[in-house]
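Chains as they are written, first to last, in this note's numbering: chain Z, 20 to 297; chain V, 444 to 751.
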Amino acid sequence: MKRTAAKKDYGQIANKLRMDAIMMIHKAPAAHVASNLSPADIIAVLYEDILNVDPKKPDDPDRDRFLMSKGHATSIIWAVLAHKGFISHERLYGYYKDNGLGGHVTKLNTPGVELSTGSLGHALPFACGVALAGKRAKKNYRVFVMLSDGELDEGSNWEAILFAQHFKLDNLTIIIDYNKIQSLARVEDTINLEPLAKKFEAFNWATKEIDGHNHEEILKTLESVPFQKDRPSCIIAHTVKGKGVKFMEDSVGWHYWNTKDEQIPEIIKELGLKNYKF
Amino acid sequence: MRNGLIKALEEEGAKNKNLWLVVGDLGFSVIEKFEKSYPDQFLNTGPAEQNMTGIAAGLAATGKTVFTYSIANFPIMRCLEQIRNDVCYHNLDVKIVAVGAGFQYGALASSHHGTEDIGVLRTMPNMTIVAPGDRIESELATRALIYRPGPAYLRISTEEAPIHKKIPKFEIGKAITIRLGKDITLISTGSMLKTAVDVAELLKAKKIDAGVISMHTVKPLDEKAILAAAKNTSAIATLEEHQIYGGLGSAVSEVLAEQAPKKVPYFRFGITDSFAKKIGSRDFLRKEFGLDAHSIAARLSSALRRRA
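Okay, structure coming up:
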């Protein structure tokens, strides 16, 4: 999708998505709030100006595909799908509720969702199938997959990482939300991934490292995929878990904890949202 | 049976450009012609079954009918969660083919024995399970599955000798009656069909009139055929090269327990909750578990005589 002339305030859009995600989780009540905040800036840029998707034609065979492999970062997906008009804003009130929206990314009457996830390591193999089908049919659609860092412990991802380079899937891009914290502890103290960029280069992926909260850098990088012809693209996005809410940032605990009522107004203020209403 | 499968895939693949064959680095001397004839419909993922199954789901999500192909447990248990979450939950058109189910790869030992597959996959919503009785059924089943959208499991062996003397009418979910008998109906699935026919002959020599049904589809199960057998014959036996828990025997007993108007003497033949404790050929291992025709006929004739 062509970049719009007027520079958008991605920060404002991302923070609105963050707040919607926080409110969903607050009201549920549910967990994984910090996991939804680290990818918010990337999600905002992707849906605003990169993905060729149309809520009026969610099943268009030529659409770009975005798959959220870290399916526990769900409320940010529901927030952006509502923001773009795939689902109504009212449905966000049903997050985690009976007959409502799933606590993991779930394709159940939810246009815009390509694959139900929640168990880690599933989206990338699936994405390879979609990308290969597109290549062989000479279609122009692109496939983007967002993975978490901890999720790279799943072996199925590495099967797909090997596969994608062999089949020259340059219509496939992965974005790693590298917030350095996994379920129980810091990544480096659990299963160290470093040197991560070198791993992807060694696996023959064209790889770039970016600041996952710098909108200009995110946009420029996503606009330039594929980085090389015949190679899949890997974007290692350095992010901060819980980004945007100081007391949640870079903390293991906010994978699990939930916000108190009195914290909500201060979060709205910290995110710079005027007249915010959920 | 492999030949029946690949013949159907080659013929249908020529007509249907959306029919794909995805192999997990197996199928030597079987898949080559398909690969050469339809390179754009063929894929070898290497022995990476999670990836193979996820890719198949992704391909199916773009409108393809995808057959994944491997042997024994590999395309099932190694990637069970991909089958559940990616294929079955999304109700995608992926057909899983496992060659050499049961004890086919006998002496290759336990890692290559596919003896829990049906039980595991029966619990999966949206899943169709087909275990053809011979090469003819295998070809017919493959064609039928191509025209039946949704997840399926095709369990075949490498035996090619036909049991059917002429081409039977084949429908997924409809058992095929091989012969009628009033004393007992032998219900077999997969390549136990040959054994079932042999058992019927052995019983005939002992004046026991045995019918044989090829229950090629384990899910959805042909309940009518089972209830008809319960009504028209004095006993029922199930024959499967699979653990007795969770497979055909369990499925048939569910129908009999819930729906048969009266109790019918019922015998399950299968692997008795055990791994193979010795190394040996398929025939050797079948004997070890009393799954050869002579052992089955002996157990049935003595049980039926006791009841008489």
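We put the CB at the ideal spot given by N, CA and C, even for glycine. Only a predicted model underlies this, so the values are computations on that prediction, with no experimental measurement involved.
Worksheet item: R725 (chain V) and Q525 (chain V): beta carbons closer than 8 Å?
Response: For the purposes of this step, residue 725 (chain V) is taken as residue 282 along the second sequence, with counting starting at 1. For the purposes of this step, residue 525 (chain V) is taken as residue 82 along the second sequence, with counting starting at 1. No, Cβ-Cβ distance for R725 (chain V) and Q525 (chain V) is not below 8 Å.
Worksheet item: Excluding sequence positions up to five away, which residues of its chain have a Cβ less than 7 Å from the Cβ of F219 (chain Z)?
Response: On the first sequence, position 200 is the one that residue 219 (chain Z) refers to. So the list reads T226 and C253, once near-sequence residues are dropped.
Discussion item. Looking at chain V, is there any beta carbon in it that lies within less than 8 Å of the beta carbon of K76 (chain Z)?
Written reply: Numbered from 1 along the first sequence, position 57 holds the residue referred to as residue 76 (chain Z). So no, K76 (chain Z) is outside the interface.
Practice prompt. Could you tell me which uninterrupted beta strand (DSSP E) segments, each at least 3 residues in length, are contained entirely in the segment 506 to 558 of chain V, listed from first to last along the chain?
Written response: 508 to 514 and 537 to 542
Discussion item. Can you confirm whether P144 (chain Z), when its beta carbon is compared against all beta carbons of chain V, has any partner nearer than 8 Å?
Written reply: Numbered from its first residue, the first sequence carries residue 144 (chain Z) at position 125. It does; some Cβ of chain V falls within 8 Å.
Worksheet entry | Candidates V:E684, V:K706 and V:K647, of which the one nearest I669 (chain V) by Cα | Indexing the second sequence from 1 puts residue 669 (chain V) at position 226. Here the closest residue by C-alpha is V:K706.
Discussion item. Taking a contact to mean a Cβ-Cβ separation below 8 Å, would you say D189 (chain Z) touches P284 (chain Z) in this structure?
Written reply: Reading the first sequence from its first residue, position 170 is the one you call residue 189 (chain Z). Reading the first sequence from its first residue, position 265 is the one you call residue 284 (chain Z). Their beta carbons are not under 8 Å apart, which means D189 (chain Z) does not touch P284 (chain Z) by this criterion.
Discussion item. For I619 (chain V) and L535 (chain V), what's the separation of their Cα atoms in angstroms?
Written reply: One-based indexing of the second sequence puts residue 619 (chain V) at position 176. One-based indexing of the second sequence puts residue 535 (chain V) at position 92. Near 28 Å, if we compare the C-alpha coordinates of L535 (chain V) and I619 (chain V).
Discussion item. Run through the DSSP bridge pairs and tell me what G654 (chain V) is partnered with.
Written reply: Taking the first residue of the second sequence as 1, we reach residue 654 (chain V) at position 211. DSSP lists V:T628 as partners of G654 (chain V).
Discussion item. So that I know if they touch, is there some Cβ in chain Z lying closer than 8 Å to that of G501 (chain V)?
Written reply: Counting from 1 along the second sequence, the entry for residue 501 (chain V) is found at position 58. Yes - at least one Cβ of chain Z is within 8 Å of the one on G501 (chain V).
Worksheet item: If you measure from the beta carbon of F163 (chain Z) to each beta carbon in chain V, is any gap under 8 Å?
Response: The residue given as residue 163 (chain Z) occupies position 144 in the first sequence. No, F163 (chain Z) does not count as interfacial toward chain V.
Discussion item. Just verifying my parser: in three-state terms, what is the DSSP assignment at G713 (chain V)?
Written reply: On the second sequence, residue 713 (chain V) is found 270 positions in, with the first residue counted as 1. It is a strand residue.
Fill in: DSSP bridge partner residues for M165 (chain Z) (one or two, in chain order)
For the purposes of this step, residue 165 (chain Z) is taken as residue 146 along the first sequence, with counting starting at 1. Paired residues: Z:M87 and Z:I194.
Practice prompt. Step through the CB atoms of chain Z and report whether any lies within less than 8 Å of the CB of Y512 (chain V).
Written response: Locating residue 512 (chain V) in the second sequence gives position 69, where the first residue counts as 1. For Y512 (chain V), the answer is no, since every Cβ of chain Z falls outside 8 Å of its Cβ.
Worksheet entry | Contact the segment 114 to 124 of chain Z vs the segment 468 to 479 of chain V: 3+ CB pairs below 8 Å | no
Worksheet item: Taking Cβ-Cβ distances shorter than 8 Å, what residues in chain V pair up with G122 (chain Z)?
Response: Here residue 122 (chain Z) corresponds to residue number 103 of the first sequence, with the count starting at 1. Here the premise fails: no neighbours, minimum Cβ distance about 15 Å.
Worksheet item: Going straight from the alpha carbon of G665 (chain V) to that of V573 (chain V), what length do you get?
Response: The count along the second sequence starts at 1 and reaches residue 665 (chain V) at position 222. The count along the second sequence starts at 1 and reaches residue 573 (chain V) at position 130. Checking the sequence shown, residue 665 (chain V) turns out to be Asp, not Gly. The straight-line gap from Cα to Cα measures roughly 12 Å.
Item to complete: Would you decide whether M20 (chain Z) is buried or exposed? Buried here means 16 or more other CB atoms lie within 10 Å of its CB.
Response: Taking the first residue of the first sequence as position 1, residue 20 (chain Z) is located at position 1. In this prediction, M20 (chain Z) has a pLDDT of 49, which is less than 50 and means its spatial position is unreliable; what the coordinates show is noted afterwards. M20 (chain Z) should be labelled exposed.
Worksheet item: In the structure shown, what three-state DSSP assignment does Y160 (chain Z) receive?
Response: Position 141 of the first sequence, counted from the first residue, corresponds to residue 160 (chain Z). Here Y160 (chain Z) sits in coil by DSSP.
Worksheet item: Does DSSP put E492 (chain V) in a helix, in a strand, or in coil?
Response: Taking the first residue of the second sequence as 1, we reach residue 492 (chain V) at position 49. If DSSP states are grouped into helix, strand and coil, E492 (chain V) belongs with the helices.
Worksheet item: Looking at chain V, which residues of the segment 91 to 106 of chain Z have a Cβ within less than 9 Å of any of its Cβ atoms?
Response: none
Worksheet item: Does DSSP put L290 (chain Z) in a helix, in a strand, or in coil?
Response: Numbered from its first residue, the first sequence carries residue 290 (chain Z) at position 271. It is coil, neither helix nor strand.
Worksheet item: In chain order, what residues of the same chain lie with their CB nearer than 8 Å to the CB of A552 (chain V), ignoring the 5 residues before and after it?
Response: As a working note, residue 552 (chain V) is residue 109 in the second sequence. The answer, listed in chain order, is A719 and I722.
Worksheet item: How is T209 (chain Z) classed by DSSP in three states: helix, strand or coil?
Response: As a working note, residue 209 (chain Z) is residue 190 in the first sequence. T209 (chain Z) falls in the helix class under three-state DSSP.
Worksheet entry | Contacts that Y532 (chain V) makes with chain Z (C-beta to C-beta distance below 7 Å) | Along the second sequence, one-based indexing puts residue 532 (chain V) at 89. Ordered by position in chain Z, the residues that pass the 7 Å Cβ test against Y532 (chain V) are S135.
Item to complete: May I have the straight-line CA-CA distance separating F732 (chain V) from I41 (chain Z), to the nearest angstrom?
Response: Position 289 of the second sequence holds residue 732 (chain V). Position 22 of the first sequence holds residue 41 (chain Z). Computed Cα separation, rounded: 59 Å.
Discussion item. Is there a Cβ of chain V sitting closer than 8 Å to that of A221 (chain Z), yes or no?
Written reply: Here the question's residue 221 (chain Z) lines up with position 202 in the first sequence. With 8 Å as the cut-off, A221 (chain Z) does not count as an interface residue toward chain V.
Practice prompt. Report the three-state DSSP secondary structure of Q282 (chain Z) (helix, strand or coil).
Written response: Looking up residue 282 (chain Z) in the first sequence gives position 263. Helix.
Worksheet entry | Any beta strand (DSSP E) of 3 or more consecutive residues that is wholly inside the segment 655 to 684 of chain V | 660 to 662
Worksheet entry | Cβ neighbour criterion (16 or more within 10 Å) applied to E582 (chain V) | Your numbering for residue 582 (chain V) matches position 139 in the second sequence. Flag for E582 (chain V) reads buried.
Item to complete: Whole angstroms is fine: what's the gap from L623 (chain V)'s alpha carbon to G562 (chain V)'s?
Response: Here residue 623 (chain V) refers to the residue found at position 180 when the second sequence is read from its first residue. Here residue 562 (chain V) refers to the residue found at position 119 when the second sequence is read from its first residue. Straight-line Cα distance between these residues: approximately 28 Å.
Fill in: W177 (chain Z) - containing alpha helix (DSSP H), residue span
As a working note, residue 177 (chain Z) is residue 158 in the first sequence. G174 to H185 is the span of the alpha helix (DSSP H), which, as asked, contains W177 (chain Z).
Item to complete: Following the continuous beta strand (DSSP E) through R573 (chain V), name the residue where it begins and the one where it ends.
Response: Walking along the second sequence from the start, residue 573 (chain V) turns up at place 130. The sequence shown places Val at residue 573 (chain V), rather than the Arg named in the question. Run containing V573 (chain V): T571 to V573, per the beta strand (DSSP E) assignment.
Worksheet item: Rounded to a whole number of angstroms, what is the C-alpha to C-alpha distance between K35 (chain Z) and E580 (chain V)?
Response: Position 16 of the first sequence, counted from the first residue, corresponds to residue 35 (chain Z). Position 137 of the second sequence, counted from the first residue, corresponds to residue 580 (chain V). When rounded, the distance between both Cα atoms is 59 Å.
Worksheet item: Quick one, which residues of the segment 519 to 551 of chain V are near chain Z if we go by CB-CB under 8 Å, in chain order?
Response: E524, Q525, N528, D529, Y532 and H533
Worksheet item: To which residues does DSSP link V466 (chain V) through a beta bridge?
Response: Start at 1 with the first residue of the second sequence, and residue 466 (chain V) comes out as number 23. DSSP lists V:N487 and V:Y512 as partners of V466 (chain V).
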